[in-house]
Every structure is written in structure tokens, then in C-alpha cells.
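**Student:** So the protein sequences, as listed, match chains A and F. Per full-length UniProt numbering, residue 1 is the first one in the first sequence, and the count goes up by one each step. Per full-length UniProt numbering, residue 1 is the first one in the second sequence, and the count goes up by one each step. Every residue, glycine too, gets a C-beta built ideally from N, C-alpha and C. To start, I am sharing the structure in question, which I have written as C-alpha cells.
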Amino acid sequence: MIESQCRPQFNGLELLEDAQLNKRILSTGCERIDLLLQGGLRVGHVTELAGPSSSGKTQVCLKVASHVARKYSGTVMYFDSGNSFSPKRIVQFLTQESDPANTEVDEIVQRVMSSIVCYSIFDIFTLLDMLHQLMNNLKSEIGCNVRMLIIDSLSSLIAPVLGGGGAHGHALMVTAGFLLKELAHEHNLSIVVTNHMVAGEAGSSKPALGDSWKSIPHVRLLLHRYRATNDSCISILKHPYLQNCITVPRALNL
Amino acid sequence: MEVSTLPISASHRGKLISSGYTSLSSLSSVSPSRLAQDLKISENEAVEILKVVSRRSGSEKIENGNHAIMNGAQTAWDMLHEEESSVCITTSCSDLDVILGGGIHCKEVTEIGGVPGIGKTQLGIQLAVNVQIPSGYGGLGGKAIYIDTEGSFMVERALQIAEACAQDMLEYDNLLRKDSQACRVIKQPKAFLENIFYFRVCTYTEQIAVINYLEKFISEQKDVKVVIVDSITFHFRQDFEDMALRTRLLGGMALKLMKLAKQFKLAVVLLNQVTTKYKEGSFQLTLALGDSWSHASTNRIILHWNGDERYAYLDKSPSLQSASAPYAVTGKGIRNAAPNCKRVKLM
């Protein structure tokens, strides 16, 4: 019974082929971030965006969604838990990017907007349901065109069940994390989740969800906005092959 | 363990696991009566559990005619059109409406914070009245729910604001439709009060209970277009020793309000108090309830004094730029700040 569960092995060469063929790097549409990440967000990776409130997490998500849907003409799934998905802002990004002389802007906007699929989620069980459903659909090859999954914000779904008596909330969080990783790897998705900040020791703040979450995302990025100058900066907290803690300032309006 | 990810009660979950039902496949072929026997629960409960299981494992089998990847999902294109046709709730202050992109948006949660006496409650009452402006006058023609935790809702004041609002509508009528439909029914100020549903809560348990009840209430009442909580903070700032519990309760409450906003296409307005925070060497005023709470709202407006004038600052919004605008609290309610007119302090 257990033997039938065994997965086939791969050698390094096959892995490299898979990496070159399927695990592409998706550009985020923001030059500075692409530069920082050496190209952008990798397919097969779970990327976490952490940062305080109004530091630009949702803006980065919307920007990435619009750019990926446009450039790679694939479907982008957007799970929204804060009613903050703003189609207007996406139209703004799209018209900014395109050449004003181009007369086909409206068509592009319509095509891109139709390939961004938004779903409102307000509890962790619905999230797990949706992830299972997505996995089943991708297995049976419905919507195999999905390139990216964005969850904004993951932490607000997990926070109400985490902690307190019992480890159940914790189990739910880790289950969600593993599901995301499996989805990303098996079905060649790039996954972006957002996380908020909580107060840590000595008045500093740190990303929420605790230590066991830390090991789940492949890439962790920290956003910060300087109130005085309205500049935002982004830095790497964790990355499998890039050096840590490089900071690149970027303009707020991306 | 797959069963631990199912949305079922903790006692059922425990019974399932201790009876050996740990995977979804082990539950797929069992009959309700057998399950009820094994778990020592009623058959109805067993049926409920199996329903949840089949929803999880059988989601792939649901055939819906269209090619949607997910059930219930919406494309951004459809959402854009929906947003374009939706109406905002005006604040009665045109400067403020401009920075908010037309007013308070439906389907979003807006947090409004500021120091005591800046006019948070006034703005709350104003919105409860303005949501009732009929669609013929560019309003929503909806009803309001006002959840009062501080006891600061003044019904006389609401009547005053409603009278001013009715007056404005009358003037608008005289201006534009002199001859057409002379006997158009103008809303009586008292009719405004009839459509404000007021809940007074005295503890945080009551507050949670009311918010849980809202879903049922709104689906019965229809037409509720705004839910105002004045203030979300009050009961959560005292009597709390376990701050982690507070964060969890607030997080859960925020998600429930978000869900209401989306489901019934209504605006949720949360009023918040301020607190001081030690940051970068000095004490600064920030909104209460901490960092985690600051993620709970879609939009955030901070009301503050600037010299002698009241200002509103849009601090957070997914689609609009940060900006600030002056406003005034007058006898009629919230209005534009009058230029070159010194505010008279009432003693």
C-alpha cells in the first residue's frame, strides 16, 4: 500500500531541464524589484511580502498581477481577504505601461482584466477548500493556464485561529503552507502571499505568524515606507540563492 | 491529518480522530448511521460532517456549465464594471468626498480615527443620515445600522442633521425641478430616524454577539447600506490581560465585517480612538489597537487638528493617493470648511 505512494526519482539533469523549461522567472513589472531579485519572481516559489500597514504590499500585488497577466498572457488568481482588490488601480497600471499612441489599449485592458480572477475569502477553511479545488482543477487540466496565485493577505486569515489553547490553528497554518508549496511546485505556479508585522522585542517589529511559518516561503521580502519622503524600500529577509539584506529604494507609485 | 483541516467543531474533530477516521478517504464510504454509532453522536450531526467531507473531496465533480476555474470567482473586468456602476455615500463635505474618490465606498471597510472631539461621532451620524438620501438625489436610499459602544449617539443631534439634510433636498428640488412633479414626496426628518437601527453594546462580548447577529439581521431587513461601529475600540481597551486573545478576537471580527461588506454590498465604517506610541525617540499619536489591527481595514482616514481647522487625511487606500482636506462640523452636520471664517467656539 505504501509502496504505491512512492514518487518517481529524478536526476540532477532532469531537474535542470525542468527548471529551465518550467520554472521560469516572472518579471514583476517594477524594474527595481526585478533588479533586486535578479529577474523577478520564480515559478515554483512561494514568495512572502511582509510589511507594516500601508507600506505598499497590496500595491505590489496589484502591480505584479497586472504585469504577469499582460506579459505572459496567463491567468492570475487573486485571493482577497481585505476587500482591497482594486480593479481601478489595475487599469491605471495598465494604461501607465502602455504607449499612449497605441490605439489598442482598450482591448489590452479588457483582455488582461478578464484573465485576472479574484475570489474573496474570509476564513481559513474556505482558503483550504479553494486550494484543494484549485489543485483538483489543475490536475484535471481545467485552467492549466494559471501562472500565478496571489493571497492578500494570508496573515489576516490565519491570525484569528493562531495561538491560544491547542495547536489546531498552528496545524491549519502549516497545512496551508504545504498546500501552497505543493501547488507551486507541481503545477508551475508562482505564489505570492502577504504578511503583516507585529511588535517584537524592544519596540522593533517583525513579520507575524511566528517561527514555524518562517521555513515555509522560499523568498521573504520586507517592505517599508518612509512617511516623510513617501519613499518605499524593499529588502530581502530570506532567499535561496541571493545575498541577504540588500535594500533598493523605489518610488512609491511604482 | 486531513480531518483537522475540515471546518467542524473541536469536539467532533476529536471524536473522529480518536475513532480512527483521520483521512478523507476513510470517511468517503461510511454511512451516516455507522458514523453516528462510532462517534456516539446524533445522526443529524453525522450527516452534517459527511456533507462537509463531500464538499471538500467532491469539489472537482461539481460541473458548472461555464469554464470558470473556481466557483464563485469574478474576473477583474467584471469587477471594474460593477465598481463603475456603484454609488458612494457622500460625507456632505465636497472636499472630503474628493479625496475619498466620491465618498465612502460600498463593499469596503473604512476606518476613521482621531482625537476626542474631532468629530468622529458627528461623521458617523452624518453617514447614517446620508445613506438614506433617495437615488433620485444621487444617494443610495438605504438604511443604516449604528452600533454604539460608548453611548455617544445623540438622537437629537441625528434629528438636527436629518432636518438639515431634508432641507438641502428641498432646496435642490426648488432649484432644478421647479415645474415638474411639484408635489414630490419629500422625506420627513423623522422618517430618517426610523431607518437608523441602533444597537447599544456594553461589553466586548455583546459587541461580538451583535456583529455575529448582523448577517441574519441584514438579510431580513434588506437595503441596509451602511454599518457604523462607534467605536470599535472602547471595550477592547480595557479589561484585557491576554493581548494575544484580543488580537485573535479583533482579527476574527474584522474578517466578519469584511464578509458582510462584500456579501451585502454595504459600507462598513469603524470609528477608532488614538493612542500614543513611542517611536523613533518621541511619543507619537497613532490609532489604537495596535499593528495587527491596522491591517483590518480597506481604507483609513485620520482626523486631526491643524491649527484651528479640522483636517481629514486619507492614510491608506488600495486605489487612491494619500491626501488631506479640511472640513467643518456645523449645526447642520459635516460641511465644507468655510474660508476666511473664524470658527466660533461654543462655550
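1) May I have the straight-line CA-CA distance separating Asp95/F from Ala46/F, to the nearest angstrom?
2) Tyr213/F lies in the alpha helix (DSSP H); which residues open and close that run?
3) For the structure I just gave you, are there three or more beta carbon pairs, one from the region 54–64 of chain A and one from the region 5–22 of chain A, closer than 8 Å?
4) Terminal residues of the continuous alpha helix (DSSP H) containing Asn137/A?
5) Would you say His132/A lies against chain F (beta-carbon separation less than 8 Å)?
6) Thinking just about the alpha-carbon of each residue, which of Leu39/F, Ala164/F, Glu150/F and Glu83/F is nearest to the one in Pro189/F?
7) In whole angstroms, what separates the C-alpha of Glu82/F from that of Lys107/F?
8) Determine the chain A residues that contact Asp315/F at a beta-carbon separation under 9 Å, and present them in chain order.
9) Just tell me which of Leu35/F, Lys277/F and Ala158/F has its CA closest to the CA of Lys331/F.
10) Could you confirm whether any beta carbon from chain A is found closer than 8 Å to the beta carbon of Leu80/F?
11) Quick one: residues in its chain with C-beta nearer than 6 Å to the C-beta of Phe264/F, no 5 flanking neighbours on either side, listed in chain order?
12) Counting only runs that start and end within the region 138–178 of chain F, where is the beta strand (DSSP E) found for 3 or more residues in a row?
13) Could you run through the region 300–333 of chain F and flag, in chain order, every residue whose CB is less than 9 Å away from some CB of chain A?
14) Buried or exposed for Ile62/F, going by 16 or more other Cβ atoms inside 10 Å?
15) Smallest Cα separation from Gly333/F: which of Lys225/F, Met154/F and Thr233/F?
16) Are any of the Cβ atoms in chain F nearer than 8 Å to that of Phe125/A?
17) If contact is defined by three or more beta carbon pairs under 8 Å, each pair taking one atom from either stretch, is the region 35–45 of chain F in contact with the region 113–122 of chain A?
18) In this structure, how does DSSP classify Arg147/A when only helix, strand and coil are distinguished?
19) Quick check on this structure: which residue in Ser205/A, Ile124/A, Lys139/A and Lys206/A has the alpha carbon closest to the alpha carbon of Val174/A?
20) In whole angstroms, what is the alpha-carbon distance linking Gln207/F and Gln37/F?
21) Quickly, what does DSSP pair Pro116/F with across the bridge? List them, please.
22) Rounded to whole angstroms, what is the Cα-Cα separation between Ser9/F and Glu107/A?
23) Along the chain, where does the alpha helix (DSSP H) that runs through Thr58/A open and close?
24) Just to check my reading of the structure: Gly119/F and Arg246/F have Cβ atoms closer than 8 Å, yes? What is that Cβ distance to the nearest angstrom?
25) Is it true that the region 314–333 of chain F meets the region 287–302 of chain F, where meeting means three or more beta-carbon pairs spaced less than 8 Å apart?
26) What is the DSSP secondary structure of Asp18/A, reduced to helix, strand or coil?
27) Return no unless some Cβ of chain A is closer than 8 Å to the Cβ of Lys40/F.
28) Quick one: which residues of the region 165–189 of chain A get their C-beta closer than 7 Å to a C-beta of chain F? List them in chain order.
29) If we ignore side chains and look at the alpha-carbon of each, how far apart do Asp173/F and Gly136/F end up?
30) If you follow the alpha helix (DSSP H) that Met253/F is in, where does it begin and where does it stop?
31) What in chain A is Cβ-close to Lys262/F, meaning under 7 Å?
32) With DSSP as the reference, identify every bridge partner of Pro326/F, one or two as the case may be.
33) According to DSSP, what are the bridge partners of Met77/A?
34) Could you pull the start and end residues of the beta strand (DSSP E) that Ala50/A belongs to?
35) Determine the DSSP secondary structure at Arg7/A, reduced to helix, strand or coil.
36) Compare the Cα-Cα distances from His239/A to each of Gly12/A, Pro8/A, Ile2/A and Val46/A and report the closest residue.
**Tutor:** Straight from the coordinates:
1) Computed Cα separation, rounded: 58 Å.
2) Here the alpha helix (DSSP H) through Tyr213/F covers Tyr204 to Gln221.
3) Cβ pair count under 8 Å is below three, so no.
4) From DSSP, the alpha helix (DSSP H) with Asn137/A extends over Ile124 to Lys139.
5) True, the Cβ-Cβ gap to chain F drops below 8 Å.
6) With distances taken between CA atoms, Pro189/F lies nearest to Ala164/F out of Leu39/F, Ala164/F, Glu150/F and Glu83/F.
7) Glu82/F and Lys107/F: Cα-Cα distance of roughly 11 Å.
8) The answer, in chain order, is Ser53 and Ser54.
9) Rather than Lys, the amino acid found at residue 331/F in this sequence is Gly. Of Leu35/F, Lys277/F and Ala158/F, the residue nearest in Cα terms is Ala158/F.
10) So, interface residue.
11) Contacts found: Ile218.
12) The beta strand (DSSP E) runs lying completely inside the region 138–178 of chain F and spanning 3 residues or more are 143–148, given in chain order.
13) Cβ contacts with chain A: Arg300, Asp315, Lys316, Ser317, Pro318, Ser319, Leu320, Gln321 and Ser322.
14) Note that Ile62/F scores 46 on pLDDT, short of 50, meaning its location in the model is unreliable; the coordinates nonetheless yield the value given after this. Exposed: under 16 other Cβ atoms inside 10 Å.
15) The shortest C-alpha separation from Gly333/F is found at Met154/F.
16) Closer than 8 Å: yes.
17) The answer is no - the region 35–45 of chain F does not touch the region 113–122 of chain A, with fewer than three Cβ pairs under 8 Å.
18) DSSP, read as helix, strand or coil, puts Arg147/A in strand.
19) Minimum Cα distance to Val174/A is reached at Ile124/A.
20) Straight-line Cα distance between these residues: approximately 39 Å.
21) DSSP output for Pro116/F lists no bridge partner at all.
22) Going by C-alpha positions, Ser9/F is about 49 Å away from Glu107/A.
23) Taken as a continuous stretch (DSSP letters only), the alpha helix (DSSP H) holding Thr58/A covers Lys57 to Lys71.
24) About 27 Å separates the CB atoms of Gly119/F and Arg246/F; that is not less than 8 Å, and the two are not in contact.
25) The region 314–333 of chain F, when compared against the region 287–302 of chain F, does touch it at the 8 Å Cβ threshold.
26) Looking at Asp18/A - three-state DSSP - the assignment turns out to be helix.
27) Interface flag for Lys40/F against chain A is unset, since no Cβ pair is found closer than 8 Å.
28) Within the region 165–189 of chain A, the residues whose Cβ lies closer than 7 Å to some Cβ of chain F are His168, Ala171, Leu172 and Thr175, listed in chain order.
29) When only Cα atoms are considered, Asp173/F and Gly136/F end up about 10 Å apart.
30) Met243 to Gln263 is the extent of the alpha helix (DSSP H) around Met253/F.
31) At a C-beta separation below 7 Å, Lys262/F has these neighbours in chain A: Asn83 and Ser120.
32) Per DSSP, the beta-bridge partners of Pro326/F are Tyr311/F.
33) For Met77/A, the pairing in a beta bridge is given by DSSP as Val117/A and Leu149/A.
34) Taken as a continuous stretch (DSSP letters only), the beta strand (DSSP E) holding Ala50/A covers Val46 to Ala50.
35) It is coil, neither helix nor strand.
36) Cα-wise, what sits closest to His239/A is Val46/A.
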